[in-house]
Amino acid sequence: MEAPLHPEPPLDPSAPHGAQCAYWVGPRHLAGDDGRLYDAVADALASLGWMSLTIVRGRHEPDEAPEDRQVLRSTVLHISPDSLRWAQWVLADEPFHLGKLPIAWQVSARADTSTSLAQWSAYFTPDVPGEVLVDFLVALDARDQPGVSLGGPELVLDAVTAHGWFRDIDQPHVGAMDPTFASHISLGEVPPLIQDADPRALTAEADEVGPGGWQAWAEPVLGAPCLWAASFGASVPDDLVACFASALSSTAPVLRRVLPESTRERLLRAPAV
Numbered sequence: 014m015e016a017p018l019h020p021e022p023p024l025d026p027s028a029p030h031g032a033q034c035a036y037w038v039g040p041r042h043l044a045g046d047d048g049r050l051y052d053a054v055a056d057a058l059a060s061l062g063w064m065s066l067t068i069v070r071g072r073h074e075p076d077e078a079p080e081d082r083q084v085l086r087s088t089v090l091h092i093s094p095d096s097l098r099w100a101q102w103v104l105a106d107e108p109f110h111l112g113k114l115p116i117a118w119q120v121s122a123r124a125d126t127s128t129s130l131a132q133w134s135a136y137f138t139p140d141v142p143g144e145v146l147v148d149f150l151v152a153l154d155a156r157d158q159p160g161v162s163l164g165g166p167e168l169v170l171d172a173v174t175a176h177g178w179f180r181d182i183d184q185p186h187v188g189a190m191d192p193t194f195a196s197h198i199s200l201g202e203v204p205p206l207i208q209d210a211d212p213r214a215l216t217a218e219a220d221e222v223g224p225g226g227w228q229a230w231a232e233p234v235l236g237a238p239c240l241w242a243a244s245f246g247a248s249v250p251d252d253l254v255a256c257f258a259s260a261l262s263s264t265a266p267v268l269r270r271v272l273p274e275s276t277r278e279r280l281l282r283a284p285a286v
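Numbered by this note's numbering, the letters in the sequence shown go through residues 14 to 286 in order.
Spelled out as structure tokens, the structure:
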């Protein structure tokens, strides 16, 4: 049963001074990641049996004590038991940007273990709701063949329109947005540096448009910085993107203690009892 949501619930006088109150929040596509995007995803992957490796890079000066070593970059890599799929936490590793936001998670998959190259990759910035990324990864983990699509683009659009989103008036077959026009999902040109094994993506010239991939983002105020962004390479199976889209557009509230500043006034909240 979903909790009823209200724009401005009263403060809880019983909460200890300085404690963060927990709320059920909606819509989830504007709810941010609660400052727990790494923990939420890492915990889910651990429960699925994925192995984690930490790569730490630093600088050690002569006669410097070990505890004074300067850590320059670190990456946490999570690998599925069959080694066909992996997820990297790259936020601390000088990531490139998507929609002027740094990449936090990069998720990749390959068809078999005979090659070390990913068949496709997907990228997620901070404030992508952790529940959404977890649903995407659970669906990926359940696939026997992570590179084979089990449907077409309509799966993605059907997933969001089933939850009340509207198809783009100008491009109804490749795009949709939420009723407040804050969040969008669209099939189109893939941003630079998105890795994909599609030969057309590898051979496209600088002035050519390569194969399209799904892009999603939240822009609460037109022209203002995005809250979050996600990019899926051209070879990411549409049914997996549909799992992401369905979780993103879900009307079920999510539990939050930290609310994004840019969407705080647009969120409906109910105290978590």
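Glycine included, C-beta positions come from ideal geometry on N, C-alpha and C.
Source: prediction; values computed, not measured.
Contiguous beta strand (DSSP E) assignments of at least 3 residues, all confined to the stretch 118-204: 118-122, 133-137, 188-190 and 196-201
Is Leu90 closer than 9 Å to Ser65 when the C-beta atoms are compared? yes
Compare the Cα-Cα distances from Gln228 to each of Asp171, Gly188 and Trp133 and report the closest residue. Gly188
If you follow the alpha helix (DSSP H) that Ala260 is in, where does it begin and where does it stop? Asp251 to Ser262
What's the gap between the Cα of Ala53 and the Cα of Glu144? 8 Å
Taking the alpha carbon of Ser196 as the reference point, which residue from Ile68, Gly164 and Ala44 has its own alpha carbon closest? Ala44
How should His110 be labelled, buried or exposed, when 16 other C-beta atoms within 10 angstroms of its C-beta is the threshold for buried? exposed
Separation of Ala100 from Ser121, as counted between CA atoms: 6 Å
Report yes if the CB atom of Ala124 is closer than 9 Å to the CB atom of Gln158, and no otherwise. yes
Looking only at DSSP bridge pairs, what is Val38 linked to? Val267 and Arg282
With distance defined between alpha-carbon atoms, name the residue in Leu235, Trp133, Met190 and Cys239 nearest to Pro224. Trp133
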